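A.B. asks: Just so we're aligned, residue 1 is where the sequence shown starts under UniProt numbering, counting upward by one. For every residue, glycine included, the Cβ atom is placed at its ideal position computed from N, Cα and C. If you're wondering where the values come from, they're calculated on a predicted model, not measured in any experiment.
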Amino acid sequence: MAGAEWEPFKLETERLYCYENKTLRQVKDYMASKYDFDKSIQQYQRQLAKWGFRKNPTRPGDWEFIGRRTEKRKRNDDKESEVHVWGRASA
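(1) Quick one: Cα of M31 to Cα of N56, how far?
(2) If distances are taken between C-alpha atoms only, which option among R68, R25 and H84 comes closest to Q43?
(3) Considering F65, what are the terminal residues of the alpha helix (DSSP H) in which it resides?
(4) Would K39 and K28 be called neighbours here (beta carbons separated by less than 8 angstroms)?
(5) Based on Cα-Cα distance, which residue from E20, Q47 and Y19 lies nearest to N7?
(6) Identify the continuous alpha helix (DSSP H) that holds L24 and give its terminal residues.
(7) Between W63, R68, D77 and R75, which lies nearest to G90 when the distance is taken from Cα to Cα?
(8) Would you mind giving the Cβ-Cβ distance between K72 and E80, rounded to the nearest angstrom? I have them listed as a contact below 8 angstroms.
(9) From F53, A49 and G3, pick the residue whose C-alpha is nearest to that of K16; which is it?
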């Protein structure tokens, strides 16, 4: 099963690509040198899509919606909001 060979590298791939903002080429080169896990850029792209990993997790217009929603919450309920993206608080 092809997906099973990727599982041991899922967390490290996510860390490098999503949190450390490495390019796919940098992730590929790192994984090949450290773990002898040598896959093509296209294979990384397919696997990242399967896992749902994206560098820009929001679509255009999402921040406007989030802004309106948090302002409404503050105005109506007098509550502050904290927005999290990929598990991290966003400013």
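C.D. replies: From the atom records:
(1) If you take the alpha carbons of M31 and N56, they lie about 22 angstroms apart.
(2) Closest option to Q43, Cα to Cα, is R25.
(3) Per DSSP, F65 belongs to the alpha helix (DSSP H) from D62 to D77.
(4) Yes, the pair counts as a contact, with Cβ atoms nearer than the cut-off.
(5) A small fix is needed here, since residue 7 is Glu in this sequence, not Asn. Checked all of E20, Q47 and Y19; the closest Cα to E7 is Q47.
(6) From DSSP, the alpha helix (DSSP H) with L24 extends over L24 to Y35.
(7) For the sequence presented, residue 90 should be read as Ser rather than Gly. Among W63, R68, D77 and R75, the Cα nearest to that of S90 belongs to W63.
(8) Incorrect: roughly 13 angstroms between the Cβ atoms, too far for contact.
(9) First, the amino acid is wrong: residue 16 is Leu here, not Lys. Ranking F53, A49 and G3 by Cα distance to L16 puts F53 first.
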